[in-house]
Amino acid sequence: MATQSLAPALRDPAWNARVFWTLAGAALLVPMLWATEFRPWVLFEQDSLRATLRFLGDFVPPKSDAEFLRMVAYEAWRTIAIATCGMALALLLAIPMTLASTAVLSISALPGRMHALPFVIRQGIRWLLILLRSVPELVWALVFVRVVGLGPTAGVLAIALTYAGMLGKVYAEILESGETHATTTLLRNGSGRVQAFLHGLLPTNAAELTSYTVYRWECAIRSSAVLGFVGAGGLGQQLITSLKMYDGAEVSTILLVFIALVWVADWASARLRKVLG
Amino acid sequence: MAGVAIALADVEVRHPAAAVGTPSALKPLTLSIAAGEQLAVIGPSGAGKTTLMHAIACALRPTSGRLRIDGQDPWSLPVRQLQRLRSRLFLAPQVPPLPPRQRTVTALLAARLPVQSLWTSLRSLVRPVGAADAYAALARFDLGDKLWTRVDRLSGGERQRVGLARALLAPAGLWLVDEPLSALDPTRSQLVVSTLTGEARARGVTLVATLHQVDVAIAAFPRIVGLRNGELAFDLPASAVTRDHLLRLYAQFEHELAGTPPAIDDQASPAQRPPTVVVCR
Amino acid sequence: MIPAPPLFHLRCTACWIVAGIAMLVVASFVTLDLKWAAFVSGDALARMGRFLAELASPSVEPEFLRRLAIASAETLAMSALGTLLAVVGGLALAVPASRPVDGRRNVLRGPTRLLLNVLRSVPELAWAALLLIAAGLGPLSGTLALAFHTTGVLGRLFAEAIENTPREPADALRVQGVPGGRVFLYATLPAVLPQVLSYTLYRWENNIRAAAVLGVVGAGGLGQMLTFHMGLFQMSETGTVLIAMLLLVALVDLLSYLARRTMVS
Chain X
-17 MATQSLAPAL RDPAWNARVF WTLAGAALLV PMLWATEFRP WVLFEQDSLR
33 ATLRFLGDFV PPKSDAEFLR MVAYEAWRTI AIATCGMALA LLLAIPMTLA
83 STAVLSISAL PGRMHALPFV IRQGIRWLLI LLRSVPELVW ALVFVRVVGL
133 GPTAGVLAIA LTYAGMLGKV YAEILESGET HATTTLLRNG SGRVQAFLHG
183 LLPTNAAELT SYTVYRWECA IRSSAVLGFV GAGGLGQQLI TSLKMYDGAE
233 VSTILLVFIA LVWVADWASA RLRKVLG
Chain S
68 MAGVAIALAD VEVRHPAAAV GTPSALKPLT LSIAAGEQLA VIGPSGAGKT
118 TLMHAIACAL RPTSGRLRID GQDPWSLPVR QLQRLRSRLF LAPQVPPLPP
168 RQRTVTALLA ARLPVQSLWT SLRSLVRPVG AADAYAALAR FDLGDKLWTR
218 VDRLSGGERQ RVGLARALLA PAGLWLVDEP LSALDPTRSQ LVVSTLTGEA
268 RARGVTLVAT LHQVDVAIAA FPRIVGLRNG ELAFDLPASA VTRDHLLRLY
318 AQFEHELAGT PPAIDDQASP AQRPPTVVVC R
Chain Z
44 MIPAPPLFHL RCTACWIVAG IAMLVVASFV TLDLKWAAFV SGDALARMGR
94 FLAELASPSV EPEFLRRLAI ASAETLAMSA LGTLLAVVGG LALAVPASRP
144 VDGRRNVLRG PTRLLLNVLR SVPELAWAAL LLIAAGLGPL SGTLALAFHT
194 TGVLGRLFAE AIENTPREPA DALRVQGVPG GRVFLYATLP AVLPQVLSYT
244 LYRWENNIRA AAVLGVVGAG GLGQMLTFHM GLFQMSETGT VLIAMLLLVA
294 LVDLLSYLAR RTMVS
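Residue numbers (our numbering), protein chains in the order written: chain X, -17 to 259; chain S, 68 to 348; chain Z, 44 to 308.
What follows is the structure, given as structure tokens:
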């Protein structure tokens, strides 16, 4: 290589690493392309191209007869309702678990180390929260559809469980990262855990907690739109039905409503967070 | 590389963002600089020195008056030719414009981009093309060992010298150097000034520098231009500049004459807060 | 004594918001046909208990594990390739989507932003379902779905990063007469590269979670196995698939953490 003949000061010290990482990247890319059956040209083969174009051609104009629109509007509302109910239940689950797992509210830890039993309980709840949020909400929905049948109940339960895990974890992080002096003082003066929470921790962190909750609600709407794919009600279910019938006009309307819903949730959540924060 | 000649006739410059009613940064000014000439622009802060440099570099468009570079009016040229003309001008701003995470060698070789083919400039990102020249330029500023160092690992003074070493690599016939010594100690200042003037003379390049150090300017440059409040105060050979000239030029700014240039913030670029990400997981 | 201010009054925005949220929650519960009776009935609870018991005894049959390993590799490849494609697409769209620093008007900015927003608003799973029509069942649809959605997310983030970079390095090159593309490569790109890398890793962590469930609509990977076995009520196999998902997610989180750490040092 030409580098060999250069003066030592002129030899690029990063060159070997660059060559190595490029080769390593290429070596990884090949099996990756193979594993994902990455043959994008199948998109442009005659048959699939014809099907795609026919399907896309139906997109314009979107289906807009009154009955269909009423149905889509109803499903859109159900999507919001599933997200809202799910969030409400998630809060019901998450708040007690947060209170029980926050180390700041430990009375036994006041003089120094936490006792063994409260420690085990707190860790146990933390692991439960991790488990709840590690399983994707779609998988929970699949399980609940098998248990309670098709319909929004499965969606609400799936969101409730996953979001309880997420909320519980983040609430605990917010509470423990903030100013804890007021709370410990209250506990030292003999107030109970719930009192210390309501008068110490909650006022200190209320803005951040609300803002995060609103943001999660926005996420829940995105989730609930998708949960319908496995039969848990809402827009997703309608989208899948129309897709299976290759009805481009219907799909186009639903997608537009879908996008509008996400944008409205995005906007509403940003406004709410601004007003409440 | 032949030097570039410059002629300003009644050139006036207002900053595009300036509020209505504020005086122009540069009031109608007439000045001509011959090819290969070396001159220093001095004056108190806010005198319009940097504005003058930007106007000559075709970075700011004169509000009125006529700028001629090698006899051409740059602002009447088509864009393509204006760009070609700009490649003959090299402006080294006071704060060296170096991307923090780039390596010194790449930042230096960027000076050659105007005359490089797209392919060469792409190749140079992967493996620097012309590292030997970059090394030679750095060595002139006593920085040879920093060739492969990342720019953000350099000190403020080292960064300033890298910014100046860029001039040696640029395909330019005019070097416009804005406050080249602001982050340097006196010894380095000597080295930098003698390198710049010596290299410019050897290459026949025109050199215009703004300087806060009046003594350095008078010692190293044959011609001195004094600016105050955006107006030409004097334009004299260095030997003709008297203490009286300087006192009048720096009236009410005497502390600057005493040799304490206003410190530039050694920019640890403000920590960037990443925008809030919508990730729902 | 000064009377305490009333708890609710007409000028209090927060009160109205709280009342609005309460109404939204009540309306949601009232209008949804929720079947709590079915959920808390002895039958459903017993079924749930049986499910969980079987889930907790995962299957370790070798032939099944072999297929599971293949599906896991497929999921991992889908997430990585999808993210990679999205980085390329995101960068390509971020440039026209960002405001040019030299104050010129950028007529492409509006349309590109709209495109990015649409790409981002349609979730991965919906993209996958749509792409099945063009690309057929299998991991290609999933990979492209991840790439589309992530392009929207990353494109917007990259555009913001580009707009927030200090403009001096780019200005210096531009005033020297360097063409726009090379200014981007030599001044803007090095400045945004750290952010590009960290956003990419972040999205990859996200995409492995998405890739794990994309198979639910038939777009390959672990999700496909999950729906298959769950459909047949083979809960111990389902349990193994779930464990594989969690391990895969943990693996990517670890890799991303390591990459981030080497980048910082």
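We treat Cβ as the ideally placed atom computed from N, Cα and C, and that holds for glycine.
* **Minimum length 4: unbroken alpha helix (DSSP H) runs contained in the stretch 227 to 301 of chain S** => 253 to 270 and 281 to 287
* Asked: For L127/Z, which option in A293/Z, C58/Z, I251/Z and G264/Z has the closest C-alpha, if you only look at C-alpha atoms?
  -> One-based indexing of the third sequence puts residue 127/Z at position 84. Of the listed residues, the one whose Cα sits closest to L127/Z is I251/Z.
* Using the Cα positions of R135/S and D212/S, report the straight-line distance between them to the nearest angstrom. => Walking along the second sequence from the start, residue 135/S turns up at place 68. Walking along the second sequence from the start, residue 212/S turns up at place 145. Roughly 41 Å between the two C-alpha positions.
* Interface flag, S159/X vs chain Z, CB-CB below 8 Å -> One-based indexing of the first sequence puts residue 159/X at position 177. False, the Cβ-Cβ gap to chain Z never drops below 8 Å.
* Asked: Taking the DSSP output, what are the residues bridged to R135/S?
  -> The residue given as residue 135/S occupies position 68 in the second sequence. Per DSSP, A74/S.
* Asked: With a CB to CB cut of under 7 Å and the five nearest residues on each side skipped, what residues in its chain are close to T231/Z?
  -> Here residue 231/Z is taken as the residue at index 188 of the third sequence, counted from 1. Around T231/Z: I205, T208 and A213.
* Would you call the CB atoms of V24/X and S164/Z closer than 8 Å? -> Start at 1 with the first residue of the first sequence, and residue 24/X comes out as number 42. Start at 1 with the first residue of the third sequence, and residue 164/Z comes out as number 121. Their beta carbons are not under 8 Å apart, which means V24/X does not touch S164/Z by this criterion.
* **Residues near T283/Z by beta carbon distance below 8 Å, same chain, minus five either side** => As a working mapping, residue 283/Z is identified with position 240 in the third sequence. If we look at T283/Z and ignore the five residues flanking it on each side, its Cβ neighbours are P101, S102, V103, F107, L108 and L111.
* To do: Show which residues of chain S have a CB atom less than 8 Å away from the CB atom of R93/Z.
  => By 1-based counting over the third sequence, the position of residue 93/Z is 50. By Cβ distance, chain S contributes nothing, its closest Cβ being about 30 Å from R93/Z, past 8 Å.
* Determine the extent of the alpha helix (DSSP H) in which V172/S is found, giving its start and end residues. => Within the second sequence, numbered from 1, the residue matching residue 172/S stands at position 105. Taken as a continuous stretch (DSSP letters only), the alpha helix (DSSP H) holding V172/S covers T171 to L176.
* Asked: Using 8 Å as the limit for Cβ to Cβ distance, is P143/Z near chain S?
  -> As a position in the third sequence, residue 143/Z is number 100, starting the count at 1. Not an interface residue.
* Kindly indicate which residue of T162/X, A8/X, W199/X and R198/X has the alpha-carbon position closest to the one of L183/X. => Here the question's residue 183/X lines up with position 201 in the first sequence. The shortest Cα separation from L183/X among T162/X, A8/X, W199/X and R198/X belongs to T162/X.
* **Coarse secondary structure for P22/X, derived from DSSP in three states** => For the purposes of this step, residue 22/X is identified with residue 40 of the first sequence, where counting begins at 1. It is helical.
* So which of P48/Z, S184/Z and H192/Z has the shortest CA-CA distance to E117/Z? -> Walking along the third sequence from the start, residue 117/Z turns up at place 74. Nearest option by C-alpha distance: S184/Z.
* To do: Taking a Cβ distance cut-off of 8 Å, strictly less, list which residues of the stretch 269 to 299 of chain Z are near chain X, in chain order.
  => L269, T270, M273, F276, L285, M288, L289 and V292
* Test item: CB-CB of E203/Z and P164/S under 8 Å -> For this step, residue 203/Z is matched to residue 160 along the third sequence. For this step, residue 164/S is matched to residue 97 along the second sequence. No; because the gap between Cβ atoms is not below 8 Å, this pair is not in contact.
* **Reduced DSSP secondary structure (H/G/I, E/B, other) of K39/S** => For chain S, the structure presents residues 68 to 348; residue 39/S sits outside this window and is missing.
* Asked: What three-state label does DSSP hand K151/X in the structure shown?
  -> For this step, residue 151/X is matched to residue 169 along the first sequence. Of the three classes helix, strand and coil, the one that applies to K151/X here is helix, per DSSP.
* Quick one: residues in its chain with C-beta nearer than 6 Å to the C-beta of L111/X, no 5 flanking neighbours on either side, listed in chain order? => For the purposes of this step, residue 111/X is taken as residue 129 along the first sequence, with counting starting at 1. If we look at L111/X and ignore the five residues flanking it on each side, its Cβ neighbours are G147, G150 and K151.
* Asked: Which one of I203/X, F50/X, A231/X and T4/X has the shortest CA to CA distance from E119/X?
  -> Indexing the first sequence from 1 puts residue 119/X at position 137. Measuring from the Cα of E119/X, the nearest candidate turns out to be I203/X.
* To do: Using a cut-off of 8 Å between C-beta atoms, extract the partners of E211/Z located in chain S.
  => For the purposes of this step, residue 211/Z is taken as the residue at position 168 of the third sequence. By Cβ distance, chain S contributes P160, V162 and P164.
* My guess is that L258/X and I60/Z are in contact by the Cβ rule of under 8 Å, so how many angstroms apart are they, rounded? -> Looking up residue 258/X in the first sequence gives position 276. Looking up residue 60/Z in the third sequence gives position 17. Yes, L258/X and I60/Z are in contact; Cβ-Cβ is about 7 Å, under 8 Å.
* Is the shortest distance between the beta-carbon of G211/S and the beta-carbons of chain X less than 8 Å? -> The residue given as residue 211/S occupies position 144 in the second sequence. Yes, G211/S counts as interfacial toward chain X.
* Asked: Between the stretch 158 to 172 of chain Z and the stretch 219 to 236 of chain X, do three or more beta carbon pairs fall short of 8 Å?
  -> yes
* Please look up how many angstroms separate the CB atoms of V71/S and L156/S, rounded, as I've assumed it's under 8 Å. => Your numbering for residue 71/S matches position 4 in the second sequence. Your numbering for residue 156/S matches position 89 in the second sequence. Rounded, the Cβ-Cβ distance is 7 Å, consistent with contact.
* Residue nearest to R253/X in terms of C-alpha spacing, selected from V196/X, G210/X and S205/X -> Here residue 253/X is taken as the residue at index 271 of the first sequence, counted from 1. It is V196/X whose Cα lies nearest to the Cα of R253/X.
* To do: Would you verify that the beta carbon of G220/Z is, or is not, closer than 8 Å to some beta carbon of chain S?
  => Translated into positions along the third sequence, residue 220/Z becomes position 177. Yes, G220/Z counts as interfacial toward chain S.
* Asked: Skipping 5 residues on each side, what residues in its chain have a beta carbon closer than 6 Å to that of A76/X?
  -> For the purposes of this step, residue 76/X is taken as residue 94 along the first sequence, with counting starting at 1. These residues qualify, in order along the chain: A146, L149 and G150.
* To do: Identify whether A214/X lies in helix, strand or coil by the three-state DSSP scheme.
  => On the first sequence, residue 214/X is found 232 positions in, with the first residue counted as 1. DSSP places A214/X in coil when its eight states are reduced to three.
* To do: Rounded to whole angstroms, what's the CA-CA distance from V172/S to T262/S? Just pull it up for me.
  => Mapped onto the second sequence, residue 172/S falls at position 105. Mapped onto the second sequence, residue 262/S falls at position 195. Whole-angstrom Cα-Cα distance: 19 Å.
* Report yes or no: is there a C-beta of chain S within less than 8 Å of the C-beta of W122/X? => Translated into the one-based positions of the first sequence, residue 122/X becomes position 140. No, because no Cβ of chain S sits closer than 8 Å to the Cβ of W122/X.
* Who are the neighbours of V259/Z on chain X, taking C-beta pairs under 9 Å? -> For the purposes of this step, residue 259/Z is identified with residue 216 of the third sequence, where counting begins at 1. Near V259/Z (Cβ distances below 9 Å), the residues of chain X are L120, V121, L124, F211 and V212.
* **Residue ranges of each alpha helix (DSSP H) within the stretch 152 to 221 of chain X, 4 or longer** => 163 to 170, 175 to 178 and 184 to 209
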